[in-house]
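Enquirer: This is the structure I have questions about; it appears just below.
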Amino acid sequence: MEDTKTAIDVTAPLAEEVAAPDVVAQEVVEKKTFGKRPMKTALIHFAIWVPLTAFIIALCINGKGKSGYEFAIVVYVFISLRLLAQHVSMSKLIYAPLGKASDMVFGWIPRTIPEKFQMPIAGGLYFIALVVCACALPTTENGTIPQRLQSIAGMIVMTLGLYATSANRKAVNWRTVVVGFILQLLIALFVLKTQAGVNIFDFLSKFIALFLEESKFGLEFVLGDTATNPFRFTFAVSVLPAILFFCSFITIVYYLGGMQYLVGKFAWLMVRLMDTSGAESVVAAASPFIGQGESALMVKPFVEFMTRSEIHASMVSGFATIAGSVLLAYVQFTGNSPQATSTILASCLMSMPGSLLVSKLRYPEEEESITKGYVKVPESEEKDANVLDAAAKGAAIGVQLALLIAGSLIAIIALYHCANDVVGWAFWMIQVNNWIDPTKSVSIELILSYLFYPFALCIGIAPESARKAGEFMATKMVVNEFVAYSSLSSIAFNNTITLPDGSHPLTGALDPRTTRLLTLALCGFANIGSIGIQLSIFGVIAPTRKKDYAELVLSAMITGTLSTWMSAAVAGALL
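Per full-length UniProt numbering, the sequence shown starts with residue 1, numbered consecutively.
Given below as structure tokens:
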């Protein structure tokens, strides 16, 4: 097995800092502790770090308490560690000492408590902590204590449902499940309930709204006054340019190595804490940034050798979240609401551990993974020449993505309305009208809303709003999340966007808690159309595994849906 690992190990030049410590010890060539880069490179990086440090010092003296203060500190620490990791061995100087310190503090647990009791105890403590938080936190318009307890009960129901339908209940790794729940809770607490988390994500929400506006400068140059005409505030004008802009931006970040570093750190953390394999952890960490399917390209050399459980987990990760390239579109749908934007960002972060915990409940690992216990982020096969080249290629990718989204929306929405007309005609023929609104025909989302009603209850939505919420959840799975968010937007955020088919949004009213939880529950790519996308991408990466992809993709789509609902339920227990 060790020979096999060496044979397929494709390592980026800067991948040492994302490798687990036990793998570093296996390297044939001893890595340097200091001086990993030439002196010239060190001086350049030092010249970058000095003004950044001066800015942070000035910020700490004069800018404390201002919007974005905490976010600037986080970015500074991230950049400093990124620069430092290129010149010293982080494994030897930081991770190894931290591991020893952790063993000194927590090492008594495995030595004192038998292994078979560790996860039951941890799970019990998690449940107690969740209930205490639900009961102790002050009630708000977003949630009362009974509503929070309803969300906790829903979490239990969905967990039991996944366990009951598990491919092999005896093989479930409860460490992955319990730690995944704990990480979700910690993320939700930080984002939703701590002052630092609220400040950081409030700033991010405003920053993203401002970031979204930047794309209009390019649009105005191309379209002139048409871009700012209020009567032409359509999906094509307001959303697609932001996708092009963000794709170009994220490609630059990838060229500079920031994306690989960030994804590698998240993946390393999940490997160490959740006991998942390196390949599936990288995919889970990358999915919120680059989206379904494409995230698997980050571990392309390993995909052909993945176990069926890893393939399932990788697909679930893609279905359970959204991509950074369309994040701005969803922000636009919510009317640039800071609360809604922070909720979407929280959902993206919670999906990292959440997708793995639900996947390992539904399809646990029964084989030996070749990336078990360590993380490697392979280097991209195609190098960008410079920052401008990266920006241009990102824009080209954005054009393809925008056209794909626009074309898919036109076709899928048109087909959906056609199917709705057929259903309405069939009920009209037998003299059955819409029993909720007699002025309308019976629709697919109306029928499916009763199927999704119990799941709306599970995430913590009040019974009187659950059926209406079920319509949005059904629309998201049957059509896609764009249409679902557009319908939700017109009701909750008073922000009507005309879709390519000219469809009319739903009308009605939703309470603040329902709106917040639906914003979380719709935040994922899990829909019928995405099945074809995932099969196509995975089929190109590793054609020899097409049979496995076809057998697992439907389960992965349903499990990915449950992952977003589980994140909504965790948040519902705290709101």
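C-beta: ideal position from N, C-alpha, C; glycine also.
All values reported here derive from a predicted model rather than from experimental measurement.
Whose C-beta lies closer than 6 Å to the C-beta of Ala346 among residues of the same chain, with five residues either side of it excluded?
Expert: Val191.
Enquirer: Per DSSP, which residues does Leu140 bridge with? Please list them.
Expert: It is Thr, not Leu, that sits at residue 140 in the sequence shown. Partner(s): Gly143.
Enquirer: Smallest Cα separation from Ile322: which of Asn527, Ala188, Ala72?
Expert: It is Asn527 whose Cα lies nearest to the Cα of Ile322.
Enquirer: I'd like to confirm the pairing. Which residues does DSSP put opposite Val88 in its beta bridges?
Expert: BP columns for Val88 point to Phe34.
Enquirer: Identify, in the order they occur along the chain, each residue of the same chain with its Cβ nearer than 7 Å to the Cβ of Lys92, setting aside the five sequence neighbours on each side.
Expert: If we look at Lys92 and ignore the five residues flanking it on each side, its Cβ neighbours are Thr33.
Enquirer: Run the CB neighbour count on Gln195, radius 10 Å, all protein chains shown included, and call it buried at 16 or more, exposed below.
Expert: By the 10 Å Cβ count, Gln195 comes out exposed.
Enquirer: Taking only the alpha-carbon atoms, compute the straight-line gap between Leu404 and Leu256 and give it to the nearest angstrom.
Expert: C-alpha separation (whole angstroms): 27 Å.
Enquirer: My parser needs the alpha helix (DSSP H) runs of 4 or more residues fully inside the segment 408 to 472; what are they?
Expert: Taking only runs of at least 4 residues, the alpha helix (DSSP H) segments lying wholly in the segment 408 to 472 are 444 to 458.
Enquirer: At the level of alpha carbons, what is the spacing between Ala521 and Met473?
Expert: Cα-Cα distance, rounded: 7 Å.
Enquirer: Just to confirm my understanding: we take Gln147, look at its own chain, exclude 5 residues before and 5 after, and list those with CB closer than 6 Å. What are they?
Expert: Within the same chain, Gln147 has close Cβ partners Gly460.
Enquirer: Locate the alpha helix (DSSP H) running through Met315, then write down its first and last residues.
Expert: 308 to 319 is the span of the alpha helix (DSSP H), which, as asked, contains Met315.
Enquirer: Decide if the segment 561 to 573 is in contact with the segment 170 to 190; the criterion is three or more beta carbon pairs, one per stretch, under 8 Å apart.
Expert: Yes: the two stretches touch, three or more of their Cβ pairs being nearer than 8 Å.
Enquirer: Check whether the Cβ atoms of Lys40 and His87 lie closer than 8 Å to each other.
Expert: No, the Cβ-Cβ distance between Lys40 and His87 is not below 8 Å.
Enquirer: Report the rounded CA-to-CA distance for Met352 versus Val540, giving the unit in angstroms.
Expert: So the two alpha carbons sit approximately 24 Å from each other.
Enquirer: Is Ser530 buried or exposed, if buried means 16 or more other CB atoms sit within 10 Å of its CB?
Expert: Buried, by the Cβ-count rule.
Enquirer: Are there three or more Cβ pairs, one per stretch, closer than 8 Å when the segment 383 to 401 is compared with the segment 411 to 431?
Expert: Touching, no.
Enquirer: Pull up the distance between the alpha-carbon of residue 592 and that of Ile79, whole angstroms please.
Expert: Past the boundaries of the shown model lies residue 592; the chain is included only from 1 to 575, so the question cannot be answered.
Enquirer: Using the rule of at least 16 other Cβ atoms within 10 Å of the residue's Cβ for burial, across every protein chain shown, is Asp517 buried or exposed?
Expert: It should be noted that the sequence gives Leu, not Asp, for residue 517. With 16 or more Cβ atoms within 10 Å of its Cβ, Leu517 is classed as buried.
Enquirer: Return the chain-ordered list of same chain residues with a C-beta closer than 6 Å to the C-beta of Lys66, the five sequence neighbours on each side being excluded.
Expert: Here the set comprises nothing.
Enquirer: With three or more C-beta pairs closer than 8 Å as the rule, is the segment 173 to 184 touching the segment 353 to 360?
Expert: Touching, yes, given that three or more Cβ pairs across the two stretches are closer than 8 Å.
Enquirer: Indicate the three-state DSSP secondary structure (helix, strand or coil) for Ser277 in the structure shown.
Expert: Reduced to three states, the DSSP call for Ser277 is strand.
Enquirer: Could you check which residue in Gln431, Ser342, Thr307, Met104 has the C-alpha nearest to that of Val198?
Expert: The shortest Cα separation from Val198 among Gln431, Ser342, Thr307, Met104 belongs to Ser342.
Enquirer: Inspect the beta-carbon positions of Ile298 and Val263 and report whether they are closer than 8 Å.
Expert: Rather than Ile, the amino acid found at residue 298 in this sequence is Met. Yes. Within cutoff.
Enquirer: On the three-pair Cβ rule with 8 Å, is the segment 128 to 148 touching the segment 539 to 556?
Expert: No: the two stretches stay apart, fewer than three of their Cβ pairs being nearer than 8 Å.
Enquirer: If Lys360 sits next to Asn173, beta carbons under 8 Å apart, how far is it from one beta carbon to the other, in whole angstroms?
Expert: Lys360 to Asn173, Cβ: 6 Å. Contact.
Enquirer: Among Ala320, Phe305, Pro288, which residue has its Cα nearest to the Cα of Trp565?
Expert: Closest by alpha carbon: Ala320.
Enquirer: Using the rule of at least 16 other Cβ atoms within 10 Å of the residue's Cβ for burial, across every protein chain shown, is Gln431 buried or exposed?
Expert: Gln431 comes out exposed.
Enquirer: Grab me the residues of Thr507's own chain with a C-beta within less than 6 Å of its C-beta, minus the 5 sequence neighbours each way, in chain order.
Expert: Note that Thr507 scores 40 on pLDDT, short of 50, meaning its location in the model is unreliable; the coordinates nonetheless yield the value given after this. Answer for Thr507: no residue qualifies.
Enquirer: Whole angstroms are fine: how far does the CA of Ile444 sit from the CA of Asp275?
Expert: Asp275 and Ile444: Cα-Cα distance of roughly 42 Å.
Enquirer: With a CB to CB cut of under 7 Å and the five nearest residues on each side skipped, what residues in its chain are close to Leu149?
Expert: The residues are Ala134.
Enquirer: Quick one: using the 10 Å Cβ neighbour count with 16 as the cut-off for buried, is Arg111 buried or exposed?
Expert: The residue in question, Arg111, is exposed, as its Cβ has fewer than 16 Cβ neighbours within 10 Å.
Enquirer: Taking just the CA atoms, how far does Asn433 sit from Asn420?
Expert: Spanning the two alpha carbons is a distance of roughly 13 Å.
Enquirer: Whole angstroms is fine: what's the gap from Trp435's alpha carbon to Val423's?
Expert: Near 14 Å, if we compare the C-alpha coordinates of Val423 and Trp435.
Enquirer: In the DSSP assignment, find the alpha helix (DSSP H) that holds Lys170 and state where it starts and stops.
Expert: Neither: Lys170 is in no alpha helix (DSSP H) and is coded neither H nor E.
Enquirer: In this structure, how does DSSP classify Lys372 when only helix, strand and coil are distinguished?
Expert: Lys372: strand per DSSP, three-state reduction.
Enquirer: Taking only the alpha-carbon atoms, compute the straight-line gap between Ile311 and Ala550 and give it to the nearest angstrom.
Expert: Computed Cα separation, rounded: 11 Å.
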